[in-house]
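Trainee:
In our numbering, the protein residues as written are 1104 to 1159.
1. Can you tell me whether residue 1149 is helix, strand or coil according to DSSP?
2. Specify, as a first and last residue, the run of the alpha helix (DSSP H) that residue 1118 falls within.
3. What separation, rounded to the nearest whole angstrom, lies between the Cα atoms of residue 1110 and residue 1135?
4. Where residue 1121 and residue 1155 are concerned, what is the direct C-alpha to C-alpha distance, given to the nearest angstrom?
5. Are residue 1145 and residue 1119 close, meaning C-beta to C-beta below 8 Å?
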């Protein structure tokens, strides 16, 4: 079961390669999705960047 969760989180790497540059984050940070906490951290960081863009 744990392997399936890890596999699901790791599959987020490909979409992140395309999404991260829109938020001003280097696309190679998408490989952080290969560790379980990396996906959550990148989604949080994208939220922070989105709030900064909304303030402009």
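Here a beta-carbon is modelled for each residue, glycine too, at the ideal position from N, C-alpha and C. From a predicted model like this one, the values you see are computed outputs, not experimental measurements.
Mentor: With the structure as the only source:
1. helix
2. 1116-1122
3. The straight-line gap from Cα to Cα measures roughly 13 Å.
4. Taking the straight line from one Cα to the other gives about 20 Å.
5. Contact check for residue 1145 against residue 1119 passes: the beta carbons are separated by less than 8 Å.
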